[in-house]
Every structure is written in structure tokens, then in C-alpha cells.
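Visitor: Below is the structure I would like to discuss, written out as C-alpha cells.
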Amino acid sequence: MTGQAQTHAAPTSSAPRIEAIELHRIEVPLVRAFETSFGRETVREALLVRVRTDAGDGWGECVAGRDPFYSAEYVDGAASVVERYLAPALLDARGTTAPARDDFRSAGVPLAASVAPTLAFVAGHRMAKGALEAAVLDAELRSQGRSMGESFGAERGWVDCGVSVGIAPTLEELLDEVTGYLEEGYRRIKLKIKPGWDLVPVAAVRELLGPDGLLQVDANTAYTADDIPLLASLDAFGLLLIEQPFAEEDLATHALLAQACETPVCLDESILDAATAVDAIERGATSVVNIKPGRMGGYLEALRVHDACRALDVPVWCGGMLETGVGRAANVALAALPGFVLPGDTSASSRYYADDLTEPFALGTGEHRGQLRVPDAPGTGVTVREDLVREWASAAPVALAR
Ligand code: NPG
């Protein structure tokens, strides 16, 4: 076969070598319950991975939730697949044998670029794979003295922040919550909607924001094709976008909605990688893309999705999965790329947590009101508070070594 560029990862002596991988399960209380069309959370159950290399450590956060409701992945399953399959494979390969993709986004991070190919023998489990890749990337960039922003090609020192507002018990409580976020400076409001909680809350929040306030909605797959007329009637409220109203496999109904309404349709759950993004765009099922690195198997694929969307002139924005500072830091670096033209769900730590696992992310003031600063120290640029990892542990850590 000719024309197939295949390189081998970590051919240089400068690439770190993986020595050990640790899994840490934690439970972090949320400052307020977060309700979506698929469930209600009061605690974030998270899986953190620490990769120990001969050149230093790196941390990654798995975004799988407690239950397999947003996606098929869930945190117990992620921990199991990391422990049984993924971590042993990385420890065996140690970045020296797996063929890495030879593309622009793999350049400069040979060890991180070897992770996805090494783990490709396991079907799916993108969130689990993404956590490992993020930890390896953090370790590798720290060893090079480079920040994620620098390595990704960030073009901004600050990013615009939006906030995702859960389904509230009453309209009054919703308006109180949104008012609080506006006072804090958030530049865009995203409302969670579901059948029975859509037109009325959207109308009320539009009135609160005034005609110029940035507003969008997220249905997390709660609707069906029968709801197209109702969803099209949201055009009256000048929304930035309608996010994922239908099932993740159902591009056809999203394309029908896109034809029936003026509001841009944005896919989240459906977009698994650059290929599915391009396919959905070409089918007319999405004209804006929510990029969540965990859903795509890691930051390197997220960068490829960004690049593919940019080449097609499709705007992207950075989603969120209630990340602690570990994942938030990397998301903020990603959101500083030029294709991220809409504010992300990159909220301040205080939106979810009284204490964050790292230095807290706080919204800026003055000209940076409603923005977060992109970390510029090596790797994620933040430091994990190991005292809190221990304090919040919900299970004994698991350590795997070669
Ligand atoms: O700000 O981190 C955040 C959360 C943003 O609404 C948000 N996330 O569907 O996009 C989503 C939703 C979500 C949260 C999905 C938790 C899955 C779990």
C-alpha cells in the first residue's frame, strides 16, 4: 500500500516514557443541583487519572457522569475499562511502539499522539480514553515547558464565558438564577429545555435579557420529529442556536428541523470525531458544533474537529461537563482557538463548586468581565490539590505500573 503515512510515536529520546498510571475516584458536592432533561445531579462523581512518566506527572479528568444517561459511558464503566484494558495497554506500549497519526495535530506531542492509536483496539469508551490522553498530554507538555494553549494554537489570552442553566423548579427560581449569573458577568445564557419546559421559560428569559442578550437552548435529545413545529416556533426568541433536540444517531431529523427553522441547529451528542462532524455538516444536520474533548476521545481529536469546522466556515464553541479545574483548564485553553467564535460553557469554578480541585477559575473584571484567563504555565497550567483528592475520595486509588 502506498501513500499511507505511518510514523512511529516517540522515536526521539526526548519523549517521556510512561511508568505508572493511577485512578482516583472522587465525589465533589455541587453548590446547587443541576437538572437536565435526563436527570438531576447534586454531586459530581469524577474519575481522575494521573500518569507518571520518567519526565514528571500529568493529570486528566474523565467527563463520564455517574449514570449512562447523557451518553452510554458512565464513571464506573470508565474506571473499569481504564483499569482492565486501557491503562495496561499504555503501560505495555509506553509510547514506543504504537503507530501515531502523522498529522499537524500530532506534531510536537509524540507520546500523547500515540495514545489514541494504542487504545484503538477497544471499541468506544471515548471519555475514558480522553482522560488518559489528557493526562499524558499534560505530562508531556510540562516536560517541554509548554502550555496547552501554546501547543493547541490559542490566539486569545482570555475567553468569553457562558453559563448553562438547569431546569428549575419554578419560573421564578429560574429568573432569580439567571439574574445572578448576569450580575456575575456571564456573556451568554444557555437554558436546558425539555417537553413542557421550553417556550414559557425561553420567553421569560428573553424578556429578562432584552433583545441583545445572547441566549441558546439545549434539549439533550428530549424531543422527536413530532416536535419540529414547536421547536421552529422558538425562532420568535432570537436564539443563538438550538442544541441537540433529537437522538444522537438521528441526523435526518436534525436536518429536517434545520430546514424548518431559522435558528441554527447545533449538535453535541452526535459529534464523536472530525469525520462525524463533517458528515453532519454536509447532511445539513448542524451548522454550529459543540466541541467537548471527552466526547471525542481527547483534545487531539477535538483540535481536528475545530480545524475541520473552521475549514468549512462552521462556528464552534466549547461545551462543558461540570469539569473540576483539571478539565476546565484544558477546555479554556481549547476555547482560545480562533474557530471558537461563540462563548463556551466554560464557567467559573464557583458556578459548580465551593472549592475547586485546582486554583479556582474566576471571571475577570473590567474589560475581562465575563471572561476567563487562559492558563499559560506548562501543561494544564494548574496544580491539583492532592489533599482534596484524598479528602473527596470515594474509593481507594488504584495504581498500575509496568
Ligand atoms: O458548564 O460544565 C458545564 C455544564 C454544561 O450543560 C452543560 N453540560 O449536555 O452539555 C450538556 C451538559 C451536561 C452536563 C452533559 C453534565 C452531561 C453531564
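Mapping of the sequence shown onto our numbering: residues 1 to 402, in sequence order.
Each residue gets a CB set at the ideal place from its N, CA and C atoms; glycine is no exception.
Since this is a predicted model, take the numbers as computed values, not measurements.
#1: Report back the beta-carbon spacing between Gly-58 and Asp-376 to the nearest angstrom; my notes put them in contact at under 8 Å.
#2: Tell me whether Glu-45, by its Cβ, gets closer than 8 Å to a heavy atom of ligand 1.
#3: Do the stretch 373–391 and the stretch 341–350 meet, that is, are 3 or more Cβ pairs less than 8 Å apart?
#4: DSSP on Gly-166, reduced to helix/strand/coil?
#5: For Ala-247, which residues in the same chain have their Cβ closer than 7 Å to its Cβ, ignoring the five residues on either side in sequence?
#6: Pull up the distance between the alpha-carbon of Asp-387 and that of Val-51, whole angstroms please.
#7: Can you pull the DSSP bridge partners for Ile-346?
#8: According to DSSP, what are the bridge partners of Tyr-408?
#9: Sort out for me which residues DSSP pairs Gly-60 with in a bridge.
#10: Secondary structure at Arg-188, three-state DSSP: helix, strand or coil?
#11: Tell me whether Asp-345, by its Cβ, gets closer than 8 Å to a heavy atom of ligand 1.
#12: In the DSSP assignment, the alpha helix (DSSP H) including His-306 goes from what residue to what residue?
#13: Would a C-beta distance cut-off of 9 Å place Ala-308 and Val-374 closer than the cut-off?
#14: Going straight from the alpha carbon of Ser-233 to that of Glu-27, what length do you get?
#15: Output the residue ranges of the alpha helix (DSSP H) runs that lie fully inside the stretch 127–185 and measure 4 residues or longer, sorted by chain position.
#16: Report the rounded CA-to-CA distance for Ala-139 versus Ala-55, giving the unit in angstroms.
#17: Give the secondary structure of Asp-102 by DSSP, where H, G and I count as helix, E and B as strand, and everything else as coil.
#18: Report, in whole angstroms, the separation of the C-beta atoms of Gln-216 and Glu-243, which I expect to be a contact under 8 Å.
#19: Using CA atoms only, rank isn't needed, just tell me which of Val-305, Glu-155, Leu-174, Ile-193 is closest to Gly-39.
#20: Taking C-beta to C-beta, are Ala-255 and Ala-285 nearer than 9 Å?
#21: To the nearest whole angstrom, what separates the beta carbons of Pro-397 and Glu-61, a pair I think is in contact under 8 Å?
#22: On a Cα-Cα basis, can you pick out the residue from Asp-279, Thr-365, Lys-129, Ile-167 that is closest to Glu-249?
#23: Alpha carbon to alpha carbon, how far is Glu-207 from Tyr-299? Give it in angstroms, no decimals.
#24: Note down the Cα distance separating Tyr-186 from Leu-372, rounded to an integer number of angstroms.
#25: What does DSSP give as the partner residues of Asn-290 in its beta bridges?
#26: Hey, out of Ala-258, Met-296, Thr-36, Leu-171, whose CA is closest to Leu-199's CA?
#27: Pull up the CB-CB distance for Val-159 and Gly-344, whole angstroms please, since I reckon it's below 8 Å.
#28: I want to check one thing, is the minimum distance from the CB of Arg-40 to the heavy atoms of ligand 1 below 8 Å?
#29: What does DSSP give as the partner residue(s) for Pro-211 in the beta ladder?
#30: Is the number of C-beta pairs between the stretch 315–335 and the stretch 360–368 that are closer than 8 Å three or more?
#31: Could you check where the alpha helix (DSSP H) with Thr-442 kicks off and where it finishes?
#32: Comparing alpha-carbon positions, which option in Pro-117, Ala-236, Val-82 lies nearest Leu-400?
#33: In the DSSP assignment, what are the bridge partners of Asp-218?
#34: Determine the DSSP secondary structure at Ile-26, reduced to helix, strand or coil.
#35: Express the C-alpha separation of Leu-312 and Arg-390 in angstroms, rounding to a whole number.
#36: Cα separation between Pro-378 and Pro-201?
Guide: On the basis of the supplied data:
#1: By a beta-carbon distance limit of 8 Å, Gly-58 does not contact Asp-376. Their separation comes to about 17 Å.
#2: no
#3: Taking a contact to require three or more Cβ pairs closer than 8 Å, the stretch 373–391 and the stretch 341–350 do not qualify as touching.
#4: If DSSP states are grouped into helix, strand and coil, Gly-166 belongs with coil.
#5: Thr-221
#6: Asp-387 and Val-51: Cα-Cα distance of roughly 18 Å.
#7: Per the sequence shown, residue 346 should be read as Thr rather than Ile. Answer is none; Thr-346 lacks a bridge partner.
#8: Because the chain in this structure spans residues 1 to 402, residue 408 falls outside the shown range and cannot be described.
#9: Val-49
#10: strand
#11: Because some heavy atom of ligand 1 lies under 8 Å away, the Cβ of Asp-345 counts as near it: yes.
#12: 299–311
#13: no
#14: Between Ser-233 and Glu-27, the C-alpha separation is close to 40 Å.
#15: Listed in chain order, the alpha helix (DSSP H) elements of length 4 or more contained wholly in the stretch 127–185 are 148–152, 171–184.
#16: 7 Å
#17: In the displayed model, Asp-102 falls within coil according to three-state DSSP, outside both helix and strand.
#18: 7 Å
#19: Ile-193
#20: yes
#21: No, Pro-397 and Glu-61 are not in contact; Cβ-Cβ is about 15 Å, not under 8 Å.
#22: Asp-279
#23: 37 Å
#24: 10 Å
#25: Trp-317
#26: Of Ala-258, Met-296, Thr-36, Leu-171, the residue nearest in Cα terms is Leu-171.
#27: 7 Å
#28: Not one heavy atom of ligand 1 sits closer than 8 Å to the Cβ of Arg-40.
#29: Looking at the DSSP assignment, Pro-211 forms no beta bridge with any residue, so it has no partner.
#30: yes
#31: Limits of the chain in this structure are 1 at one end and 402 at the other, which puts residue 442 out of reach.
#32: Answer by Cα proximity: Val-82.
#33: Lys-192, Glu-243
#34: strand
#35: 45 Å
#36: 43 Å
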